[in-house]
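In full-length UniProt numbering, the protein residues as written are 1 to 161. Using N, Cα and C, we set each Cβ at its ideal position, and we do this for glycine too.
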Amino acid sequence: MHTLAPSPREVLQAIETGVPILGSSSLGALRAVELEPFGMVGVGRIFEMFKRRELIADDEVALVFSSEDLRALSEPLVNIRHALAAAERAGLISGAERRRLIRVARGIYFPERSYRRLFREAEGRVRPEALAALEGFVRSGDHDLKASDARALLVEARRRL
């Protein structure tokens, strides 16, 4: 399923007609950073991370969906970063291991990026017990920052009604 995100010109035209435009989670967050000076509203942590330039590449939020049921077939790097930071805070991995894992994840082409692939490619670079703990941690928790930001956008949109 391929649909194009609205162009900056299309967003600006909507803003000029008085339509409130909010963006979060993915390309909406990126577009909101670009167009905030013109009235677009960014919502969520991903928007803030792009705004502070903690994230700079659009592949941070890119993923591939199943055309049949829209299920995610890959994992966005921003979600992997989020899960690894939580695992570090929980004491499952060290800061050095988190950074190593992010480098490995960044090296995987986004349509092929998954936790399974990350863990396979990280073997020998991260302690085996840390990888085992991390696998359980990822399976047991909700580390979907994009979904969390989307929910925040819905709350903000409702507040503005």
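- With the rule of 3 Cβ pairs closer than 8 Å, the stretch 96-114 does not count as touching the stretch 7-21.
- In this chain, the alpha helix (DSSP H) harbouring GLY136 covers 128-140.
- ALA87 sits close to PHE137, with the two beta carbons spaced by under 8 Å.
- Contact check for ILE80 and LEU118: beta-carbon distance about 7 Å, within the 8 Å limit, so the pair qualifies.
- For GLY28, the secondary structure class from DSSP, reduced to helix, strand or coil, is helix.
- Here ALA72 carries a strand assignment [DSSP, helix/strand/coil].
- Assignment of beta-bridge partners to LEU22 by DSSP yields VAL41.
- With a cut-off of 8 Å on Cβ pairs, the stretch 146-157 is not in contact with the stretch 120-134, counting fewer than three such pairs.
- If you ignore the 5 residues before and after ALA32, its C-beta comes within less than 6 Å of the C-beta of GLY23, MET40, GLY42 and PHE47, all in its own chain and listed in chain order.
- Comparing alpha-carbon positions, the option among GLU75, SER74 and ARG99 lying closest to LEU84 turns out to be ARG99.
- In this structure, DSSP gives GLU54 a state outside helix and strand, which the three-state scheme calls coil.
- Per the C-alpha coordinates, the member of ALA90, ALA147 and GLU34 positioned closest to PRO76 is ALA147.
- About 20 Å separates the Cβ atoms of VAL78 and LEU35, ruling out a contact at the 8 Å cut-off.
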